[in-house]
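Some notes on the structure that comes next.
Chains as they are written, first to last, in our numbering: chain C, 1 to 235; chain R, 1 to 235; chain P, 1 to 235; chain W, 1 to 235; chain H, 1 to 235; chain S, 1 to 235.
Set out below in structure tokens:
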């Protein structure tokens, strides 16, 4: 967020193509991250509040001051079905910016989940509600409504640049962002990767080794790998 | 713990009013914390060892040396039904101070749970037993029984002052302490807050926005909030 | 790992006695750790990706460069039924070294689980597969296959020295290593400890106090423990 | 860094206006950060390797794989006098990416310093050389030269978006980025702020209070601030 | 800070005896901490912004909301010569609450230094001014002036209870609090300890061992210490 | 430390060759670490208490219980001129195990410095004394003398295996261990590396690029590196 973005709400930004985003939902975070050349993964400090959720949607971005959740209320109005709210404080905060009331409001609009590099509360209620949240921590500490931030401007969340309309995929492995323009290509690459992994899985299940399936032995030998028989004093 | 408190056990301290403490049990940590003006929340590093527990009881406080759990055995005798044990080491420790045997002893006395700013072990057994623990970490590292601490003196646990007899509320969102004398007022304030939230929840569910329910639009405009239509190059 | 170990695979190292290792599986990590005089516990930052697993097996050790999982593929071939893979990067890394494909390969060989002082991914799939992993974090960040490490040389994992063939016990409380030669003695000591704890548990359940069961009162008094009745101004 | 940026070097990007950047050098990080409405501050985990340096220059950005410093060598060629190198790994890394040899090369080109969200080594030599570095940690751990990253594409460094050519100001208080287009305005705002602070400083030195200088008393009273005389039992 | 303390300033609280506090200034933090039976040490995350300062004074306590330094301005008025300002946020914050302007104001009143479990900025200027600060981090991130806290009520700072008027000793080893009433006794105990250490130092300098000076050999043998000659295969 | 090592002191272990160790002292930690193929570096959390020291000596190893420094007194007797004391607690501890009195005793025996994965205190006095310490933190928190550990058995310190008699090199960049048997080879390799770096430094100083000096351009092109001219909308 640059100085000129403070206090700005960008309305109706372009979103990644809905059909392609839905395709991404078939794949996990790990596959999508690999499919876009190991880019876009948010820091692993973001963890889901409950296991088993997997979502893919389009980002509505929110930049919030530390300990102040006012802009999340502003952002709700900018959300539509299929969106994922992505929230980043301008400096480290472990306050509980988000709870069951805001989730109720987002569910009413068809929002799929929340990604926040700060705290979240009411986790028992959010779990009952089936509204998934990926957060830095669980924290009941309350926030104020005093200062402006921004909605739908580019933000940095957990170490990654997220722009409004980018695709967000999140599951038990974490959260990955796919730039709006790359979504169709990444979806194709993920599908190709998944096909290849299915074949490898079958071979591994039958006892074949990665050394052979992927033909690694020669390159390992060239790098100098040596096999030595164990002896008692080698331990 | 001040120097003169080392080696002291205070017996039978006054406890917060039982009826009011029971009322607190109806509300979550987040609500109680808000009801007492955002005070009393222990640091979010304390996490429950399993999900779904919610307790409210009166604190028996224990100050322990690093890596030494002797005083917890001393504290057991000071506990009665409805109490919550609150344990803080005098310096950071990740040892496993508490396990299934001590829990068995506390269950026999009607103690509701444990809050400890250090490690806990036997988490599988504690889960089976249904004895909830909020701890800094899970750690099997053993402790010794060599040095004295104190029981039922004021302690600092995870950043908050806890005095014996204060009310402790703990759930999936964390742990909050309510000073003994404030318990009835906080219970009333929490009930009022819950009523208000129920009304808000209904309105949110039907699609109303916080911006309108809480009348935020004017104040946001006064602070300078601007709405800008998205353009391609704004991304 | 010393300089001369880089690029080395030690084949068929001696393993701890199978019968004794199986006995260890009856006890939890906490009991085994106590039974060997509070040694061998890996740092509590290693956490299971799902609750409820308990394993005991023999270590196949892997030293890996940061962000490079090539040697894990090399290690798979060195594993046999009853082994546990133990992986440590040479410097701190939060990359996701391990996922469902490698697990499929290990399951096919009868490997019991993985201990890794780095990241792991595909946690939903690993949970479905019933392959337990104790890791530093969950991270989808991908790794490369560029540099050599070592297999079955002594490594330091989460602060403990692990040699190939040592026994590894892991459960919800963490991970403990038992040196190969100590396994039978530790198994006996753990059994003796468990028997004693069973008797203590029965007494605690009936309301007896640790102070009396373990005869602590006299030593506490000698150390200077004082009991003081609470007064209003003592709070 | 998005997928399409891996392996890209953007040559000769526009830089922030040199005269304005030089003006920024007169002010500290704290003042510049305030002057752009509290935006742009990199996370405080970045610390200078020695005290007393203050620089302001234009960013050459580098995205590097974990544990791989190859792209820094590529970036050197893109640097010119007055630049500051800004390096971010794609996932958390504590390797020592940068040392005295690379610094020698940068000094030869007139580069002012380095900002890196990873490790740096040779700190004694860098101090002697007078080449300032702000890093996440000091670490001698070596890096490899195996994988591509990018140079002069937008990156996220310590939680902030940095684009090539943006102004970077760094001193003992940390590091702040000023977007290229905002530099002249921020320089003016910083100058105005500094003037105002000079007047305040004079008044504070003579014993006047902020309460009076900034006229806070009335607003504090409106918020409900109460003054209570101390009594013995109030402690 | 309990709910009823929010918005309260306690004026003119009793302070620890000036002569005794001055005596404490002769001793380091380590000695004072030992002299009061290893109690009162603030968490080691508080570090001095420059080396070589040692102060002892009386606490003026400030509880501040996260990211809001308004109450520090309120607190300045409550300070007098010989005081030390002790500031704790109600939840974790890494904002830069304090800088050179506030220090100028405190210096004008004879305040000796600042202890803050949050961020501090302008460290170059504070060093030039000779105003020592012990802080959680250095951070230029700005704060707001929107919400009330309290001044001169009991607070928890870096894990220790600090009451207004308690003695604070701080040096390169950290910060220790001595409860008001204990100051004379702790000063005497520290003096006695220092005398004993001086005698020990002389003996150590001449080559005597702690094993003999403190007569540890017998107790070590009783605990079971064994000496074993090194053999090649013992390594 | 395995169970059978608790309570053991190994006397007079073999030490790395004195002449070779002295040679290592010429090189920094970074060079030695590279010279032994990037192995042996202790975790970067170990930092020197003051800048500018560089030592190389032979390890006397100490395994200590958490918060108990008794074994350090036992270890002093096992030290001789040219040794470096290396101390690791069996579980994480931030207590202040070591201060000026123990340093006085070690200086009297010609010990070069201390490496400890825990806290150290009296840093002002240690600095005056010129006795360098690399520690996890500075902490005045006192320790007890109650439980046994071991001296001169293999230990894990900050993630690396250290055996008695191994060479330890420490400077502003951290700490590296060189296995006893590898010392002469590592010293030669370090000398060769330093010579090569000297030649590179000269070329860098004159403006040559690493891209050319190390002939990287072709391999970068083969990996797919592309140069793109900046355009306004590329930012």
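We put the beta carbon where it would ideally sit given N, CA and C, even for glycine.
Quantities reported herein were computed from a predicted structural model and do not represent experimental measurements.
Determine the extent of the alpha helix (DSSP H) in which residue i is found, giving its start and end residues.
| i | result |
| --- | --- |
| residue 18 (chain C) | 18–24 |
| residue 49 (chain S) | Per DSSP, residue 49 (chain S) belongs to no alpha helix (DSSP H) and is neither H nor E. |
| residue 104 (chain S) | 100–108 |
| residue 91 (chain S) | Per DSSP, residue 91 (chain S) belongs to no alpha helix (DSSP H) and is neither H nor E. |
| residue 31 (chain P) | 29–35 |
| residue 76 (chain S) | 70–76 |
Who does residue i pair with in a DSSP beta bridge?
| i | result |
| --- | --- |
| residue 59 (chain W) | W:84 |
| residue 180 (chain P) | Its beta-bridge partners do not exist; DSSP assigns none. |
| residue 41 (chain C) | C:176 |
| residue 64 (chain C) | C:89 |
Of all Cβ atoms in chain H, is any one closer than 8 Å to the Cβ of residue i?
| i | result |
| --- | --- |
| residue 43 (chain R) | yes |
| residue 224 (chain W) | yes |
| residue 46 (chain W) | no |
Taking Cβ positions only, does residue i come closer than 8 Å to chain W?
| i | result |
| --- | --- |
| residue 39 (chain C) | yes |
| residue 73 (chain H) | yes |
| residue 57 (chain P) | no |
| residue 29 (chain S) | yes |
| residue 206 (chain C) | no |
| residue 8 (chain H) | yes |
Can you find a CB in chain P that lies within less than 8 Å of the CB of residue i?
| i | result |
| --- | --- |
| residue 236 (chain C) | A query on residue 236 (chain C) cannot be resolved here, the shown segment of chain C reaching from 1 to 235 and no further. |
| residue 76 (chain S) | no |
| residue 21 (chain S) | no |
Following the continuous beta strand (DSSP E) through residue i, name the residue where it begins and the one where it ends.
| i | result |
| --- | --- |
| residue 11 (chain P) | 8–11 |
Of all the CB atoms in chain C, is at least one closer than 8 Å to the CB of residue i?
| i | result |
| --- | --- |
| residue 52 (chain P) | no |
| residue 210 (chain R) | yes |
Could you confirm whether any beta carbon from chain R is found closer than 8 Å to the beta carbon of residue i?
| i | result |
| --- | --- |
| residue 67 (chain S) | yes |
| residue 184 (chain C) | no |
Say whether chain S places a C-beta atom closer than 8 Å to the C-beta of residue i.
| i | result |
| --- | --- |
| residue 11 (chain H) | no |
| residue 61 (chain H) | no |
| residue 32 (chain P) | no |
| residue 2 (chain P) | yes |
| residue 190 (chain H) | no |
Against chain W: residues of the stretch 150–180 of chain C by CB proximity under 7 Å: Correct list: 154, 156, 159, 160, 161, 179.
Sequence ranges, beta strand (DSSP E) only - wholly within the stretch 199–235 of chain R, length at least 3: 226–229
Whole beta strand (DSSP E) elements within the stretch 109–174 of chain S, 3-residue minimum: The qualifying runs are 113–120, 133–138, 155–157, 160–162, 167–171.
Interface positions of the stretch 81–100 of chain R facing chain P (Cβ-Cβ less than 9 Å), listed along the chain: 94, 96, 99, 100
Residues of the stretch 101–121 of chain R whose Cβ lies closer than 7 Å to any Cβ of chain P, in chain order: 101, 104, 105, 108, 119, 121
Chain R contacts from the stretch 122–149 of chain S (Cβ-Cβ distance under 7 Å): If the cut-off is 7 Å between Cβ atoms, the stretch 122–149 of chain S has 141, 144, 146, 147 near chain R.
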